[in-house]
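*Asks:*
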Amino acid sequence: MNKEDVVCPLPWHHIAIRPNGRVYPCCYFRHESTPEEFNLSHNDVFNHPFLLNIRDKMSEGETVQGCKQCYQNEKNSGKSMRLEVLENAEKNLGRPFTIPEEPSLVYIDLALSNVCNNKCRMCGPDLSTNWYPDAKALGIPINKGIIENVDPLSKIDISKLTNLKLIGGEPMLEQGKFIKILERCYLPGLSIFLTTNVTTKPEMELMKLFRRCKQVKVSCSIDAYGKLNDFLRKGSHWEEVDKNLRWYANNFEIVMVHSVISIYNINQIEKLFEHVKDQYPNVHFQFVMVDGPDWIRPCNLPVDVKDKIMKKINTLEHEEIINFRGIVYEHLSRPGSFSKFKEMDDKLNDLRNEHWKDVNPELYEMLKEYYE
Numbered sequence: 106m107n108k109e110d111v112v113c114p115l116p117w118h119h120i121a122i123r124p125n126g127r128v129y130p131c132c133y134f135r136h137e138s139t140p141e142e143f144n145l146s147h148n149d150v151f152n153h154p155f156l157l158n159i160r161d162k163m164s165e166g167e168t169v170q171g172c173k174q175c176y177q178n179e180k181n182s183g184k185s186m187r188l189e190v191l192e193n194a195e196k197n198l199g200r201p202f203t204i205p206e207e208p209s210l211v212y213i214d215l216a217l218s219n220v221c222n223n224k225c226r227m228c229g230p231d232l233s234t235n236w237y238p239d240a241k242a243l244g245i246p247i248n249k250g251i252i253e254n255v256d257p258l259s260k261i262d263i264s265k266l267t268n269l270k271l272i273g274g275e276p277m278l279e280q281g282k283f284i285k286i287l288e289r290c291y292l293p294g295l296s297i298f299l300t301t302n303v304t305t306k307p308e309m310e311l312m313k314l315f316r317r318c319k320q321v322k323v324s325c326s327i328d329a330y331g332k333l334n335d336f337l338r339k340g341s342h343w344e345e346v347d348k349n350l351r352w353y354a355n356n357f358e359i360v361m362v363h364s365v366i367s368i369y370n371i372n373q374i375e376k377l378f379e380h381v382k383d384q385y386p387n388v389h390f391q392f393v394m395v396d397g398p399d400w401i402r403p404c405n406l407p408v409d410v411k412d413k414i415m416k417k418i419n420t421l422e423h424e425e426i427i428n429f430r431g432i433v434y435e436h437l438s439r440p441g442s443f444s445k446f447k448e449m450d451d452k453l454n455d456l457r458n459e460h461w462k463d464v465n466p467e468l469y470e471m472l473k474e475y476y477e
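In this note's numbering, the protein residues as written are 106 to 477.
Following this line, the structure appears as structure tokens:
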């Protein structure tokens with residue numbers, strides 16, 4: 106392949122840190138392609154041999170196995186995180202990105218801990234402490250997060266950071282740790298990308314630091330409208346989420362809704378979208394296909410149900426949904442196993458004493474014969 110088809114600025118300027126101390130080249134990089142020894146225990150994690158190898162491959166125009174999600178998205182829709190990063194780099198530099206002589210860490214994607222007040226269907230104990238009781242009942246291993254680590258960046262010079270992405274768990278439950286990190290940064294040159302499940306808001310001390318930053322973008326993780334939201338992101342309540350979304354939209358210049366599409370909501374993607382566009386016209390919207398666990402992926406739906414859903418999506422005329430069609434079509438074209446979904450779904454329904462048919466009757470009508 107040509108170098109321009111594989112090169113990405115992130116390996117030269119960025120790392121992603123997760124609650125268990127594992128490090129990744131970026132949030133899209135495949136976990137199964139990342140060695141366990143790539144973690145915060147390394148003395149110089151930004152120059153770890155694994156990351157050096159990725160830089161070498163991209164410099165030679167070689168594909169990187171862990172980057173296959175971006176390659177696939179580019180093939181299906183002409184869009185990807187890699188292309189977005191390249192475009193932003195060109196805007197910031199005033200010229201196309203070129204591989205630097207010396208790497209410089211200016212962008213960190215940080216999960217401070219796995220502390221969370223929700224136990225979302227697509228999540229697990231690695232990213233939510235609220236998942237622990239269910240994980241124990243289901244026999245899912247619980248990996249300890251870095252909850253007690255006040256500053257996971259203590260070994261890293263962050264004085265020259267230009268971008269900091271904060272995810273969780275739920276970051277707004279860790280505001281004290283976040284404040285200590287921001288106090289080590291040069292705020293007038295720092296852009297923040299904050300993700301939140303929209304169940305809580307920043308306190309005054311944190312807001313004061315935000316106002317000193319160059320820019321703050323807020324990504325609100327909401328997957329469905331109404332009661333389907335409460336099912337998918339158990340622990341949250343739609344009325345509260347909607348009220349808090351209004352607060353974020355009124356207090357930050359750049360706000361977006363980030364919606365994860367899974368089996369449970371793939372037939373309802375327009376409902377949340379239309380509500381947001383109607384109530385919050387300045388809020389951006391982004392659809393992404395669920396990246397795991399495998400059982401919750403829409404490719405596991407029966408073929409006839411996939412056809413019905415694709416026909417419905419093809420009738421939707423919103424630009425954001427039209428741009429997302431190629432990714433949906435590619436995903437639904439993959440083979441899957443409805444029994445895999447049903448086995449885990451039944452376990453969670455029994456454990457939580459709930460069923461999604463009550464909040465998404467349209468989907469249940471499509472699948473009724475597979476249950477009865």
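Don't be surprised by glycine CBs; every beta carbon is placed ideally from N, CA and C.
Going by beta-carbon coordinates alone, are R127 and N148 separated by less than 9 Å?
*Replies:* No, the pair does not count as a contact, with Cβ atoms beyond the cut-off.
*Asks:* So, helix, strand or coil for M312, using DSSP?
*Replies:* It is helical.
*Asks:* How many Å lie between Y66 and S185 at the Cα?
*Replies:* What the structure shows of the chain is the stretch from 106 to 477, and residue 66 is not part of that stretch, so it cannot be assessed.
*Asks:* How would you call Y129, buried or exposed, if buried means at least 16 neighbouring beta carbons within 10 angstroms?
*Replies:* That one is buried.
*Asks:* State buried or exposed for N372, treating a residue as buried only when at least 16 other CB atoms are found within 10 Å of its CB.
*Replies:* Under this definition N372 is a buried residue.
*Asks:* If distances are taken between C-alpha atoms only, which option among G331, P246 and T301 comes closest to K270?
*Replies:* Looking at the Cα atoms, T301 is the closest of the given residues.
*Asks:* List the DSSP bridge partners of R338.
*Replies:* Answer by DSSP bridge pairing, in chain order: C225.
*Asks:* If you draw a straight line from the alpha carbon of Y330 to that of P114, how long is it in whole angstroms?
*Replies:* Taking the straight line from one Cα to the other gives about 36 Å.
*Asks:* Quick check for students: name the residue ranges of the alpha helix (DSSP H) that lie wholly in the segment 136-206, counting only runs of 4 or more.
*Replies:* Correct list: 154-164, 173-182 and 186-198.
*Asks:* Could you pull the start and end residues of the alpha helix (DSSP H) that Q373 belongs to?
*Replies:* Premise fails: Q373 is in no alpha helix (DSSP H) and is neither H nor E.
*Asks:* Does DSSP put H363 in a helix, a strand or coil?
*Replies:* DSSP places H363 in strand when its eight states are reduced to three.
*Asks:* Below 6 Å CB to CB, which residues in the same chain sit around R187 once its five sequence neighbours on both sides are set aside?
*Replies:* Cβ neighbours of R187 beyond the five flanking positions: C113 and C175.
*Asks:* DSSP has N268 in a bridge; who is on the other side?
*Replies:* The partner list for N268 (beta bridge, DSSP) reads Y212 and S296.
*Asks:* Are the segment 311-322 and the segment 336-347 touching by the rule of at least three beta carbon pairs closer than 8 Å?
*Replies:* Contact fails: fewer than three Cβ-Cβ distances are below 8 Å.
*Asks:* Quick check: the segment 367-384 against the segment 460-467, are at least 3 beta-carbon pairs closer than 8 Å?
*Replies:* Output reads yes: the segment 367-384 touches the segment 460-467.
*Asks:* Thinking C-alpha only, which one of D262, N219, L292 and V360 is nearest N248?
*Replies:* Minimum Cα distance to N248 is reached at N219.
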